[in-house]
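Visitor:
Numbering (our numbering), first residue to last: 1152 to 1375.
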């Protein structure tokens, strides 16, 4: 119910106007356009309450925006994790390398070169290179950037795999099971790896830890 004015002068002369009677406070007008002192006090309370309501509303929108941003971030991390794992199983190592964090690529190169140096010291360097299927000389390997090094090593190693196993890898499907934002720049994504098998399909659990590089999510390592 809305009112345009109060006709009852006795009602207008009350010292305090009860909140329950004010269904539309903005529509009330007092005789001679002079608001009652009690109304002025009450009106101030309304203004202060409305300010409080606005603050609460703004906080709600800020919290909702943060939640929506987190959900958007997790969706992006899930896409990267799924794309990375799918690319790896499909043999698209260029794409897999692009979705890998640069720090991880650099660490992989350093680790492999350390093993190569150890093998050389023990007289097993040629044997190690044959096991991986590498034809490049060690000088060329050392001069490669981490991205190209990763692609070369993984691609060479895959070529030595069983043909049936490679076909099975190519038909492997990857599904996202869940994800969690660990930090502002770190997320964990749980995956289900579905590989074809003689009796149907084999499901395996997997997971990736992703870290933000600039404004993009990149795969850092496997989840234990």
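All C-beta atoms, glycine included, are put in the ideal place defined by N, C-alpha and C.
1. Can you tell which of 1261, 1328, 1318 and 1348 has its C-alpha closest to the C-alpha of residue 1298?
2. Should residue 1238 be counted as a contact of the ligand FMN given a C-beta to heavy atom distance under 7 Å?
3. What's the gap between the Cα of residue 1354 and the Cα of residue 1363?
4. According to DSSP, which residues form a beta bridge with residue 1369?
5. Take residue 1321 and list the residues in its own chain whose beta-carbon comes closer than 8 Å to its own, dropping the five residues that flank it on each side.
6. DSSP three-state label for residue 1321, please.
7. What is the residue span of the beta strand (DSSP E) that residue 1341 lies within?
8. Per DSSP, residue 1249 forms a beta bridge with which residues?
9. Kindly confirm or deny that the segment 1342-1350 and the segment 1314-1328 touch, where touching means at least three C-beta pairs closer than 8 Å.
10. Keeping to the same chain, check which residues put their C-beta closer than 7 Å to that of residue 1332; ignore five residues upstream and five downstream.
11. I believe residue 1433 touches residue 1303 by the beta-carbon criterion, under 8 Å. Please report the beta-carbon distance rounded to the nearest angstrom.
Guide: This is what the structure holds:
1. Ranking the options by Cα distance to residue 1298, first place goes to 1261.
2. In terms of ligand content, the structure shown is empty, and the ligand FMN therefore cannot be addressed.
3. If you take the alpha carbons of residue 1354 and residue 1363, they lie about 29 Å apart.
4. Beta-bridge partners assigned by DSSP to residue 1369: 1362.
5. Within the same chain, residue 1321 has close Cβ partners 1240, 1241 and 1242.
6. Note: residue 1321 maps to helix in three-state DSSP.
7. Here the beta strand (DSSP E) through residue 1341 covers 1337-1348.
8. According to the DSSP secondary-structure assignment, residue 1249 is paired through a beta bridge with no residue.
9. They touch, by the three-pair rule.
10. Scanning its chain for C-beta atoms nearer than 7 Å, with the 5 sequence neighbours on each side dropped, one finds around residue 1332 the residues 1221, 1224, 1225 and 1338, in chain order.
11. Residue 1433 cannot be examined here, being either before or after the span of the chain that is shown, 1152 to 1375.
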